[in-house]
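Residue numbers (numbering that gives the first Met the number 0): 0 to 595.
C-beta: ideal position from N, C-alpha, C; glycine also.
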Amino acid sequence: MEVSRASPTEVNETKDLKTLISFYSHYLWNRLLDFLPSSDYNFLRRIRVRAAASRRRHLACLPLPLPANILDSCQPATTEASRVLDVLHEILKHTFSNLHHVQKNLQFWESRAEGSKAQKVKFMVLERGPQAFVDGTIQLIRGYDGEGSSIQNMCLSASAYMSERIAVLSSLRSSLATFLAQFYMEIESFGEELVKDPESSLPSLLERINNLFFKLEASIGHLHAMRPSDSSVEGSYSFPLVFEKLPEINQDRSQWTDCEIRDSINLISQNLEKLESHLTFIVDKHRKPRRVTRHWIRYTCGAVGLSVCSVWLIRHSRLSGSHDIDNWVREAKDSTVSFLHDHVEQPLLSIRDELFATFRQRHKGMMELEEVQLTSNSLHRMLLAFSEQTKGQKFPGNASDQEMLEIVMARYEKELEHPIHNLVNGELARALLIQVQKLKLDTETAMLELNQILRANEINFAILAALPAFFLSLILLMLVRAWFKRDKRAEGRGRVARLQRRLLVVEVEKRIMQYQSFIDQGMEKEALDMFGLLLYSLDRLYHAVKGHAKATGEWQWLCQDIVELAKPSLQTAYKLRVTSRMERVYDCLLPALQRQ
């Protein structure tokens, strides 16, 4: 029995037919979902897009390059002019936000692509979720032959995985940056015309802006064609972006009616929403894995540990008839109360009592000092009488005890030559009693000083007892301070945030010079791309320094400098002088050591 084999041509036709059927079925299914607001994907995506848009309304961004009195010059059509300015501002904010989202994901993939082979294998196996962990482990086990070929294949797969996302995000960033640069230049070029003749300039500006949307459509529309046949991106790409055109309006008229301007504004707003939805879809396809996905092993171990702890707690709780948890809570409570009593309350009370002991026990200290004074006076009288009797002359009442004691000691040494005789008939016994009185005075004086030392040490001991509570409070204060300063981003208040703001200024300087280099080489497309990235860096700097500069009173001048750096007509040398002045003058951009 012979088996008929299909020719290669028939096989290719069959594949093409299946691809075409899949293409149109997916297209029809997506179009059907668009009409169903209850569709989970579209519904959640719209919620996410609107939530992101609502967050952007509260964020500051680089202002439009328009004169400050633009609304005053548009007095005959203030309402429509205000709506035009609002939609232009929304376009600028959306573009900055989308560019930031693309840049953030692109930096992640570029950092992963620059890693070592081990880091790439670790990412492919451990940082893409449980399913990728199982698939990667099976691939490593099956391909292992003792020569490391499975590792090499995994590295090649990781490189292709990352390169595909880098290529798409880089192209998307370039398109958005070019659109941003053209949009900003168009607004700046129409600034003076809007002041002089707003009624005829507004329609022309709307036409230019809508044309920029179509240029962006042409640059983004090829992204779906960049997808290779063995793409690692899950799901299918969305279909090419299609913007709505402005309605046909009689160009012979010098002015548009308010209705025509309103329709044009609404159409541009719709195009902006389409762009937002399309970019959200594309970036979500190529975004970095979420934090939960990258650290799923850590979270899984934490969940397992939490489950084990929960089971253990249930076994020792009242639910299982056990009173262990109640006893532990009671013991913890007693220990806490005891700690607070021994290391907080008692030391503080002791310090308080010792600080006021001088006033409370002044009479006791005075009595002790009087006792020492009585002993000293008695010794003085004894020395005075002994000296007068020995020398046979009258001594003054204020005679020095040291001089009289020398007389006593000299007599004492002489009496010791015949101790037995002088002990009965001489002055030896009297000299000994005087020395005993001197020893008593020295002892009382030493005890008085020792008593003062012990009182001072009582305060020290109380302070030592309070040290644990002090260090615990210090640690809690440092944690609260670190949380309050939010030192991780450029908007923070700490040293790291200050360093990141200075790095933003360095990034601005670098892109200014790169933009000028492209201009000098006649590379117009690359120059537009770089100018858009320059605007993006200035927007980040604008957002990072606004709060700090307002707090120090520098915002008026710093804002003017940032806006001047965004003007394409200014000379590069002047811009570099401005950035140098920003690093030296403004407090929010100074280094931490220099600021002190």
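Would you kindly work out how many angstroms separate the C-alpha atoms of Arg-317 and Gly-304, rounded to a whole number?
The residue you call residue 317 lines up with position 318 of the sequence shown. The residue you call residue 304 lines up with position 305 of the sequence shown. Their backbone Cα atoms lie some 21 Å apart in a straight line.
Check Thr-256 in the structure and name its three-state DSSP category.
Numbered from its first residue, the sequence shown carries residue 256 at position 257. Looking at Thr-256 - three-state DSSP - the assignment turns out to be coil, as it is neither helix nor strand.
Buried/exposed call for Cys-258, threshold 16 Cβ in 10 Å:
Start at 1 with the first residue of the sequence shown, and residue 258 comes out as number 259. The residue is exposed, with fewer than 16 neighbouring Cβ atoms inside 10 Å.
Just the Cα atoms here: how many angstroms apart are Arg-510 and Leu-171?
In the sequence shown, the residue the question calls residue 510 occupies position 511. In the sequence shown, the residue the question calls residue 171 occupies position 172. Those two C-alpha atoms are separated by around 19 Å.
Between Ala-180 and Gly-531, which are expected to be in contact by the criterion C-beta below 8 Å, what is the C-beta distance as a whole number of angstroms?
Here residue 180 corresponds to residue number 181 of the sequence shown, with the count starting at 1. Here residue 531 corresponds to residue number 532 of the sequence shown, with the count starting at 1. For Ala-180 against Gly-531, the beta-carbon gap comes to about 4 Å, under 8 Å, which counts as contact.
Enclosing alpha helix (DSSP H) for Ala-543 [first to last residue]:
Taking the sequence shown and counting its residues from 1, the one referred to as residue 543 is at position 544. Note, Ala-543: alpha helix (DSSP H), 523-551.
Between the region 430-444 and the region 395-414, are three or more C-beta pairs nearer than 8 Å?
yes
Under 8 Å between the Cβ atoms of Leu-271 and Glu-89?
Position 272 of the sequence shown, counted from the first residue, corresponds to residue 271. Position 90 of the sequence shown, counted from the first residue, corresponds to residue 89. Yes, the pair counts as a contact, with Cβ atoms nearer than the cut-off.
Could you say which of Ala-131, Glu-508, Met-477, Leu-65 lies nearest to His-598 if we only look at CA atoms?
No statement about residue 598 is possible, as the shown extent of the chain runs from 0 to 595 and does not include it.
Which residue wins for smallest C-alpha separation from Glu-516, given the options Leu-204, Val-505, Val-507, Met-529?
One-based indexing of the sequence shown puts residue 516 at position 517. Going by the sequence as given, residue 516 is Ser instead of Glu. Closest in C-alpha terms to Ser-516, from the list Leu-204, Val-505, Val-507, Met-529, comes Met-529.
Alpha-carbon spacing of Pro-467 relative to His-340, whole angstroms
Reading the sequence shown from its first residue, position 468 is the one you call residue 467. Reading the sequence shown from its first residue, position 341 is the one you call residue 340. Answer to the nearest angstrom: the Cα atoms are 12 Å apart.
Among Thr-177, Ser-472, Phe-469, whose alpha-carbon lies nearest the alpha-carbon of Leu-533?
For the purposes of this step, residue 533 is taken as residue 534 along the sequence shown, with counting starting at 1. Nearest of Thr-177, Ser-472, Phe-469 to Leu-533, Cα basis: Thr-177.
May I ask you to report which of helix, strand or coil DSSP gives Phe-95?
Numbered from its first residue, the sequence shown carries residue 95 at position 96. Phe-95 falls in the helix class under three-state DSSP.
Distance between beta carbons of Asn-209 and Ile-267, contact taken as under 8 Å:
Here residue 267 refers to the residue found at position 268 when the sequence shown is read from its first residue. Here residue 209 refers to the residue found at position 210 when the sequence shown is read from its first residue. So it is a contact: roughly 6 Å between Cβ atoms.
Distance check for Gly-320 and Val-310, CA to CA, integer angstroms please.
Here residue 310 refers to the residue found at position 311 when the sequence shown is read from its first residue. Here residue 320 refers to the residue found at position 321 when the sequence shown is read from its first residue. Taking the straight line from one Cα to the other gives about 14 Å.
Tell whether a beta-carbon distance below 8 Å holds between His-285 and Ala-465.
Position 286 of the sequence shown, counted from the first residue, corresponds to residue 285. Position 466 of the sequence shown, counted from the first residue, corresponds to residue 465. In this structure, Ala-465 does not lie closer than 8 Å to His-285 by Cβ.
Return the residue from the list Tyr-411, Ile-419, Asn-424 that minimises the CA-CA distance to Leu-431.
Here residue 431 corresponds to residue number 432 of the sequence shown, with the count starting at 1. Comparing Cα positions, the closest option is Tyr-411.
Considering only their Cβ atoms, is the gap separating Leu-537 from Leu-564 smaller than 8 Å?
Here residue 564 refers to the residue found at position 565 of the sequence shown. Here residue 537 refers to the residue found at position 538 of the sequence shown. Yes, the Cβ-Cβ distance between Leu-564 and Leu-537 is below 8 Å.
Cut-off 7 Å between Cβ atoms - residues of its own chain near Glu-109, not counting five sequence neighbours on either side
Along the sequence shown, one-based indexing puts residue 109 at 110. The beta carbon of Glu-109 sits closer than 7 Å to the beta carbons of Ile-165 from its chain, once the five residues preceding and following it are set aside; these are given in chain order.
Tell me, please, whether the region 556-576 touches the region 114-127 by the rule of three or more beta-carbon pairs shorter than 8 Å.
no
Contacts around Ile-324, its chain only, beta-carbon distance under 8 Å, and the 5 residues preceding and following it disregarded:
Counting from 1 along the sequence shown, the entry for residue 324 is found at position 325. Excluding sequence neighbours, Ile-324 sits near Leu-312, His-315, Ser-316, Arg-317.
Determine the closest residue to Glu-490 out of Gly-190, Pro-418, Leu-503, with distance taken between C-alpha atoms.
Position 491 of the sequence shown holds residue 490. Here the closest residue by C-alpha is Leu-503.
Drop a sphere of 10 angstroms on the beta-carbon of Val-133, count the other beta-carbons inside from all chains shown, and report buried for 16 or more, exposed for fewer.
Taking the sequence shown and counting its residues from 1, one reaches residue 133 at position 134. Result: exposed.
For Lys-287, name the three-state secondary structure that DSSP assigns.
Position 288 of the sequence shown, counted from the first residue, corresponds to residue 287. DSSP places Lys-287 in coil when its eight states are reduced to three.
Hey, Leu-168 and Leu-105 are a contact pair by Cβ (cut 8 Å); roughly how many whole angstroms apart?
Here residue 168 refers to the residue found at position 169 of the sequence shown. Here residue 105 refers to the residue found at position 106 of the sequence shown. Sure, about 4 Å apart at Cβ, within 8 Å.
Let's see if you can read the secondary structure: which residues bound the alpha helix (DSSP H) around Leu-125?
Within the sequence shown, the letter at position 126 stands for residue 125. Counting along the chain, the alpha helix (DSSP H) containing Leu-125 begins and ends at 116-125.
Please state whether DSSP places Lys-566 in a helix, a strand or coil.
Along the sequence shown, one-based indexing puts residue 566 at 567. Here Lys-566 sits in coil by DSSP.
Inter-residue Cα distance where the pair is Asp-333 and Gln-345:
Reading the sequence shown from its first residue, position 334 is the one you call residue 333. Reading the sequence shown from its first residue, position 346 is the one you call residue 345. Going by the C-alpha atoms only, they are around 16 Å apart.
For Leu-347, tell me which candidate among Ile-462, Gly-301, Cys-308, Arg-494 has the shortest Cα-Cα distance.
The sequence position of residue 347 within the sequence shown is 348, counting from 1. Nearest in C-alpha terms to Leu-347, of all of Ile-462, Gly-301, Cys-308, Arg-494, is Ile-462.
Where does Ser-148 fall in DSSP's three states?
Within the sequence shown, numbered from 1, the residue matching residue 148 stands at position 149. Helix.
Selection from Ser-115, Ser-81, Cys-154 that minimises the alpha carbon distance to Leu-201
Within the sequence shown, numbered from 1, the residue matching residue 201 stands at position 202. The shortest C-alpha separation from Leu-201 is found at Ser-81.
Have a look at Val-495 and Lys-103 and give me their C-alpha separation to the nearest angstrom.
Taking the first residue of the sequence shown as 1, we reach residue 495 at position 496. Taking the first residue of the sequence shown as 1, we reach residue 103 at position 104. Rounded to the nearest angstrom, the two C-alpha atoms are 19 Å apart.
Beta carbon of Tyr-541 nearer than 8 Å to that of Leu-61:
Position 542 of the sequence shown, counted from the start, is the residue given in the question as residue 541. Position 62 of the sequence shown, counted from the start, is the residue given in the question as residue 61. Yes. Within cutoff.
7 Å CB neighbourhood of Glu-243 in its chain, flanking five on each side removed:
Stepping through the sequence shown from its first residue, residue 243 is reached at position 244. Closer than 7 Å at the Cβ level, and outside the excluded window around Glu-243, lie Leu-266, Gln-269, Asn-270.
Under 8 Å by Cβ, that's how I've got Phe-182 and Leu-204 pegged, so tell me the actual separation to the nearest angstrom.
Position 183 of the sequence shown holds residue 182. Position 205 of the sequence shown holds residue 204. Their Cβ separation, rounded to whole angstroms, is 11 Å, which puts Phe-182 and Leu-204 out of contact at 8 Å.
Can you tell me the Cα-Cα spacing of Pro-590 and Ile-474, whole angstroms?
Here the question's residue 590 lines up with position 591 in the sequence shown. Here the question's residue 474 lines up with position 475 in the sequence shown. Distance between the alpha carbons of Pro-590 and Ile-474 is about 26 Å.
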